[in-house]
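Participant: Be aware that the sequence shown starts at 33, since it is given in the working numbering, and climbs by one per residue.
Have a look at this one.
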Amino acid sequence: MIQQRRTNNMKEGKRKFPRKTKIMLKDSRGLYKGTRQSQRSSSALYSSDTSDNEWSSTSPRDTNVFTSKKFLSEESVVTDFKNLSLKDRIKDYCLNPVPQSFDKPAVPGFVFDIDGVFKNGGKYASYGAKALRLLKEAGLPYVFMTNGGGGRTERQYADVMNQKLSAFDSEKLGKIKYVQEDQMILSYTPFATHLSHLKDEPVLIVGCPRAKNAAKSYGFRKPMAISEYTRKHPTMNPFGKAGCEKDNKVIINGKEQWDEGIKAILVFTDPGDFFEAIQVLTDILLSSRPGEKEYEKYHRIPVVFSNPDLLWKTQYPHARFGQGAFRLSLEACYKARMQAMGLSDIEIKQRLDDFVQFGKPEHAQFYHAREAALNTAKRLGCSISHFYMVGDNPRSDITGAVEMDKVSISKKLRNWSGMLVRTGVWQDGDNTMGAKGIYNNVVDVIKHILKKHANEIQELSDGLKHAEA
């Protein structure tokens with residue numbers, strides 16, 4: 033009765049912020065599974081130690097942290113992390129950033145895009161190694177955040193990058209280790225932490241052949257490549273390698289076992305076969321046993337994308353479609369299929385909401401880069417006074433930096449600036465999306481920032497010399 037009166041009061045607007053609220057919990061598929069009571073604190077939304085630490089947020093989740101300009105709300109905090117939905121896990125991570133200690137000299141920190149900044153396709157720029165040497169000589173922290181990865185692990189990508197930077201180095205200084213594994217944030221790097229609740233579950237891996245090995249390296253124990261799935265069920269894609277729409281090709285239909293029990297679809301890289309991926313993923317999203325039953329109303333699993341880029345830069349003169357194009361295509365076909373099946377607009381919207389996005393410009397991706405940069409700074413004996421995102425794509429690199437700066441201001445964290453280069457997607461006349469500067473290449477960006485922060489860098493150098501003495 034008391035709870036009923038409280039609910040009625042809320043509806044009538046008599047009590048805007050009840051002392052206790054009920055919060056709906058979701059499972060990994062995004063389905064509601066129950067409620068829990070939570071006490072709303074009337075204390076300040078932030079706690080801080082302003083003497084030597086950044087303010088760290090203890091505020092509750094916003095209902096739309098990735099699109100709303102209001103990143104903090106006065107709703108109750110759900111602390112039962114195990115029962116949070118995937119999207120709520122990501123929001124929780126973004127609203128509780130790692131604090132930074134300032135007991136060491138503060139200097140600028142760099143977050144670099146790779147494609148369009150250091151390379152185009154497989155061809156690396158001759159000035160890439162020189163750019164990183166400038167930072168190594170100054171003792172400044174830097175990390176790499178790419179919307180690619182090619183299915184490699186962070187260690188594999190770092191090894192390839194070190195080899196290529198040295199091979200294309202215009203000054204031919206030989207093999208130098210410019211990049212370490214912990215300085216790499218690939219598009220799917222967050223999968224290792226944010227999808228930990230799925231590591232013992234069967235997951236479908238979309239991408240190049242080596243993506244499955246990357247999934248295993250993250251601790252996923254039951255990954256299944258989409259190519260393995262279609263080999264097991266060859267009639268799903270009539271035009272695939274194992275498909276039936278080929279001359280002299282006849283498939284004898286026996287009793288198939290639809291026992292995979294896929295709990296999530298993880299898109300590591302662009303699929304090699306768009307048609308197959310769109311067809312198979314649509315089938316799996318609609319049913320756990322597609323060959324036996326086309327549609328199961330209560331079957332819901334997430335699709336996790338690692339890269340939202342519509343375009344990216346290769347050796348081809350003009351930008352090429354990226355994983356963002358695949359997501360758009362899948363969404364359109366999945367929606368059209370559901371409409372053709374007569375599903376309600378509400379259910380269609382709910383099912384499309386099972387799509388989860390990582391990669392730049394998502395805040396979660398930038399927070400991973402921030403954390404990696406802070407760890408690198410700690411190793412170098414410094415802290416970070418300002419974060420510089422250097423990239424070629426305004427819609428991913430610059431937009432992400434601009435939004436991170438807004439969040440940083442609200443949370444009293446260190447500021448971000450987006451620096452745009454002319455060596456990739458962006459062309460003169462395009463929208464810069466709020467870039468703080470436009471430069472011919474990454475070397476020019478670094479020289480400008482070194483000059484701007486010369487006093488801070490000198491203080492770091494003097495402090496390190498004093499410590500050695």
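For every residue, glycine included, the Cβ atom is placed at its ideal position computed from N, Cα and C.
Determine the DSSP secondary structure at VAL393, reduced to helix, strand or coil.
Facilitator: The count along the sequence shown starts at 1 and reaches residue 393 at position 361. Looking at the sequence shown, residue 393 is not Val but Pro. Looking at PRO393 - three-state DSSP - the assignment turns out to be coil, as it is neither helix nor strand.
Participant: Along the chain, where does the alpha helix (DSSP H) that runs through ILE481 open and close?
Facilitator: As a first step, residue 481 is located in the sequence shown; it is residue number 449 there, counting from the start. Looking at the DSSP string, the run of the alpha helix (DSSP H) that includes ILE481 is 474–484.
Participant: I'd like to know whether the C-beta atoms of GLY456 and GLY148 end up nearer to each other than 8 Å.
Facilitator: Taking the sequence shown and counting its residues from 1, the one referred to as residue 456 is at position 424. Taking the sequence shown and counting its residues from 1, the one referred to as residue 148 is at position 116. Cβ distance < 8 Å, so GLY456 and GLY148 count as in contact.
Participant: Around the Cβ of ASP341, are there at least 16 other Cβ atoms within 10 angstroms (buried) or fewer (exposed)?
Facilitator: Translated into the one-based positions of the sequence shown, residue 341 becomes position 309. Buried: at least 16 other Cβ atoms inside 10 Å.
Participant: By a C-beta neighbour count over all protein chains shown, 10 Å radius and 16 as the cutoff for buried, is HIS350 buried or exposed?
Facilitator: For this step, residue 350 is matched to residue 318 along the sequence shown. That one is exposed.
Participant: On the three-state DSSP scale, how would you describe HIS265?
Facilitator: For the purposes of this step, residue 265 is taken as the residue at position 233 of the sequence shown. If DSSP states are grouped into helix, strand and coil, HIS265 belongs with coil.
Participant: Helix, strand or coil: which one does DSSP assign to ILE208?
Facilitator: Along the sequence shown, one-based indexing puts residue 208 at 176. In this structure, ILE208 counts as coil in the three-state DSSP scheme.
Participant: Compare the Cα-Cα distances from LYS123 to each of ALA190, HIS226, PHE200 and report the closest residue.
Facilitator: Indexing the sequence shown from 1 puts residue 123 at position 91. When each option's Cα is compared against that of LYS123, the closest is HIS226.
Participant: Which class does VAL439 belong to by DSSP, given the choice of helix, strand or coil?
Facilitator: For the purposes of this step, residue 439 is taken as the residue at position 407 of the sequence shown. The answer is helix: DSSP assigns VAL439 an H, G or I state.
Participant: Report the option in ALA246, GLY251, GLN289, ALA247 whose CA atom is closest to the CA atom of THR262.
Facilitator: In the sequence shown, residue 262 corresponds to position 230, counting from 1. Among ALA246, GLY251, GLN289, ALA247, the Cα nearest to that of THR262 is on GLN289.
Participant: In terms of alpha-carbon separation, which member of ASP476, ALA170, ASN179, HIS480 lies closest to GLY391?
Facilitator: To locate residue 391, count along the sequence shown from 1; it is residue 359. Answer by Cα proximity: ASN179.
Participant: Ignoring anything shorter than 3 residues, give me the beta strand (DSSP E) runs that lie fully in the stretch 147–221, in order along the chain.
Facilitator: You should have 174–177.
Participant: With respect to the alpha helix (DSSP H) encompassing LYS367, which residues constitute its N-terminal and C-terminal limits?
Facilitator: As a working mapping, residue 367 is identified with position 335 in the sequence shown. It spans 355–372 - the alpha helix (DSSP H) in which LYS367 sits, taken as one unbroken run.
Participant: So, with DSSP's three-state summary, where would you put TYR471?
Facilitator: As a first step, residue 471 is located in the sequence shown; it is residue number 439 there, counting from the start. If DSSP states are grouped into helix, strand and coil, TYR471 belongs with the strands.
Participant: Taking the alpha carbon of THR314 as the point to measure from, which residue in ASP302, TYR327, GLY304 has its own alpha carbon closest?
Facilitator: Here residue 314 corresponds to residue number 282 of the sequence shown, with the count starting at 1. Cα-wise, what sits closest to THR314 is TYR327.
Participant: What three-state label does DSSP hand PRO334 in the structure shown?
Facilitator: The residue labelled residue 334 in the question sits at position 302 within the sequence shown. In this structure, PRO334 counts as coil in the three-state DSSP scheme.
Participant: Please classify LEU492 as buried or exposed, where buried requires at least 16 neighbouring CB atoms within 10 angstroms.
Facilitator: Counting from one through the sequence shown, the residue named residue 492 turns up at place 460. With 16 or more Cβ atoms within 10 Å of its Cβ, LEU492 is classed as buried.
Participant: Using a Cβ-Cβ cutoff of less than 7 Å, which residues in the same chain neighbour SER249 once the five nearest sequence positions on both sides are dropped?
Facilitator: Start at 1 with the first residue of the sequence shown, and residue 249 comes out as number 217. Answer for SER249: THR185, listed in chain order.
Participant: With a cut-off of 8 Å, do at least 3 Cβ pairs link the stretch 351–358 to the stretch 302–310?
Facilitator: Flag = yes, the stretch 351–358 and the stretch 302–310 touch.
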